[in-house]
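Structure first, commentary second.
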Amino acid sequence: MTVAAYPHWYILGAGAIGCLWGGQLFRSDIPSTFLVRPERLNNNTPSPVLCITENQQRTEFPIDIQSIATEVSIQNLIITTKAGDALPALNAIADNLTSDATILLLQNGMGSQQQIAELFPQYAVYAGSTTDGAWLESFLNIHRAGRGKTWLGPLNPRAKEFGHYSAINSLTKITDIDVTFVDNITEKLQEKLAINSAINGLAVLHDCPNGSLLEGALQKQVQNLCTETAQILSADSYTITAERLLETVNHVLKVTAENINSSLQDVRNNRTTELNWINGYLLTRAQKHGIAAPAHKQLIQALADKDIH
Ligand code: PAF
Numbered sequence: 132m133t134v135a136a137y138p139h140w141y142i143l144g145a146g147a148i149g150c151l152w153g154g155q156l157f158r159s160d161i162p163s164t165f166l167v168r169p170e171r172l173n174n175n176t177p178s179p180v181l182c183i184t185e186n187q188q189r190t191e192f193p194i195d196i197q198s199i200a201t202e203v204s205i206q207n208l209i210i211t212t213k214a215g216d217a218l219p220a221l222n223a224i225a226d227n228l229t230s231d232a233t234i235l236l237l238q239n240g241m242g243s244q245q246q247i248a249e250l251f252p253q254y255a256v257y258a259g260s261t262t263d264g265a266w267l268e269s270f271l272n273i274h275r276a277g278r279g280k281t282w283l284g285p286l287n288p289r290a291k292e293f294g295h296y297s298a299i300n301s302l303t304k305i306t307d308i309d310v311t312f313v314d315n316i317t318e319k320l321q322e323k324l325a326i327n328s329a330i331n332g333l334a335v336l337h338d339c340p341n342g343s344l345l346e347g348a349l350q351k352q353v354q355n356l357c358t359e360t361a362q363i364l365s366a367d368s369y370t371i372t373a374e375r376l377l378e379t380v381n382h383v384l385k386v387t388a389e390n391i392n393s394s395l396q397d398v399r400n401n402r403t404t405e406l407n408w409i410n411g412y413l414l415t416r417a418q419k420h421g422i423a424a425p426a427h428k429q430l431i432q433a434l435a436d437k438d439i440h
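Following my numbering, the numbering of the sequence shown begins with 132 at its first residue and continues without gaps.
Okay, structure coming up:
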């Protein structure tokens, strides 16, 4: 009997999305190993257990975990760190990558993935965008808040050469994560970036749940951010009207009205946000196209004045 052999994936970044993927890879019989900082291992070896709680039901996964300092040969890597940590984390293990490595980047915002794709042209670099919701209670202990969709696609020429005919294909077989392979992942990243750009930073500044942005002066600011985001992204390759974006954003605000968005959760947990790769990225693109973008500028300045990065 021939048993389908799945490639072995290493996961760099044991945050909420990393743990969600680690658990589901385990459930799908796709071998995987977490790579963590050496000090993380002390309390969790020799039998580390990952817990995912969903609808009050807790599932435990006896995962494999190693220090990033261990010398291993890494052919397939998923990076699930925050955007700002992705490149330093990759640099820390770069010597362990095989010459034909496949890398999947699962970060919010844009800019960090493109930088890695350019810096590592020898590897097939893919990116993903997800609407899955999960939050980290403590190390290896997450809550799955909502099931969404995940898109994966090639980012650099090497990955485009392979398309889905690489180890990435095994990830479309994962149980309980709705994964679709797309050729144009940049469009999916832009779509999510556009929505986050009108919600996350503003809700952080006013320390409020998403739904508060539907009313009064805050809704006016949402509208201004949508207008600028649509203008900036349309000058890139993503054509969207301000009206269409505002409609989508307000729909998201309604269905997530009670939510504390991921950036505000970061602030409340003393973590650096990914806003630099959301509004910050858009400002860089605006500058490139000679677009003023005052609403984004003011938002970033107001956040910086509060020492929020
Ligand atoms: O970042 C988040 O929390 C989510 O992307 C969204 C859509 C803003 C909902 O909270």
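Beta carbons are placed, not taken as given, at the ideal position from N, Cα and C, and that holds for glycine.
Note that this is a predicted model, so its numbers are computed, not measured.
Look up P425 in the DSSP assignment and say whether it is helix, strand or coil. helix
What distance in whole Å lies between the Cβ atoms of T211 and I299, which are believed to be in contact at a cut-off of 8 Å? I299 to T211, Cβ: 15 Å. No contact.
Completely contained alpha helix (DSSP H) runs for the region 248 to 321, where each covers 4 or more residues: 288 to 293 and 299 to 302
Comparing alpha-carbon positions, which option in S328, E318, Y296 and A348 lies nearest V383? S328
Less than 6 Å between C-beta atoms, sequence neighbours within five positions excluded: which residues of the same chain meet that for I363? L413, R416, A417 and I422
If you pair each beta-carbon of the region 279 to 290 with each one of the region 240 to 248, do three or more pairs fall below 8 Å? yes
Nonlocal neighbours in the same chain, by C-beta distance under 8 Å from M132, ignoring five residues either side: For M132, the pLDDT reaches just 47, beneath the cut-off of 50, and the residue's location in the model is therefore unreliable, although a value from the coordinates is still provided. Non-local beta-carbon contacts of M132 in its own chain, meaning distances under 8 Å to residues more than five positions away in sequence, are absent.
Could you tell me whether the Cβ atoms of D226 and Q206 are closer together than 8 Å? no
Starting from the Cα of G264, find the closest Cα among I409, T387 and V180 and give me that residue. T387
Close Cβ partners of T184 (< 6 Å) along its chain, the five nearest in sequence each way excluded: Only H274 meet the Cβ criterion.
Quick check: does the Cβ of V383 come within less than 7 Å of any heavy atom belonging to the ligand PAF? yes
Taking only runs that begin and end inside the region 344 to 408, name each unbroken alpha helix (DSSP H) of 4 or more residues, in chain order. 347 to 366, 373 to 386 and 393 to 399
What residue does the alpha helix (DSSP H) around N410 start on, and which one ends it? Unbroken alpha helix (DSSP H) run through N410: N410 to H420.
Please list, in chain order, all residues with a C-beta atom less than 6 Å from at least one heavy atom of the ligand PAF. I326, N327, I330, N331, N341, V383, T387, N390, N392 and S393
Since I believe N331 is in contact with N392 (beta carbons under 8 Å), could you give me their beta-carbon distance rounded to a whole number of angstroms? 5 Å
Where R158 sits in the DSSP three-state scheme: helix
P340 to Q197, Cα distance in whole Å? 37 Å
Anyone know if the C-beta pair for L356 and A426 falls short of 8 Å? yes
Given A433, which residues of its chain have a CB within under 7 Å of its CB, disregarding the five upstream and five downstream residues? Counting only Cβ-Cβ distances below 7 Å, and skipping sequence neighbours, we find L336.
Figure out for me which residue from L218, E378 and T261 has the closest Cα to the Cα of K319. T261
Hey, quick one: how far does the beta strand (DSSP E) through I205 stretch, first residue to last? I205 to I210
Residue span of the beta strand (DSSP E) that contains A214, given as start and end: Looking at the DSSP string, A214 is not in any beta strand (DSSP E); the run it does join, the alpha helix (DSSP H), is A214 to I224.
Among F293, E268, P219 and K280, nearest to A255 - alpha-carbon criterion: F293
To the nearest whole angstrom, what separates the beta carbons of G279 and W408, a pair I think is in contact under 8 Å? Contact flag wrong, Cβ pair sits at about 20 Å.
Between the Cα of I316 and those of L237, L376, F251 and S365, spot the shortest distance and give me the residue it belongs to. L237
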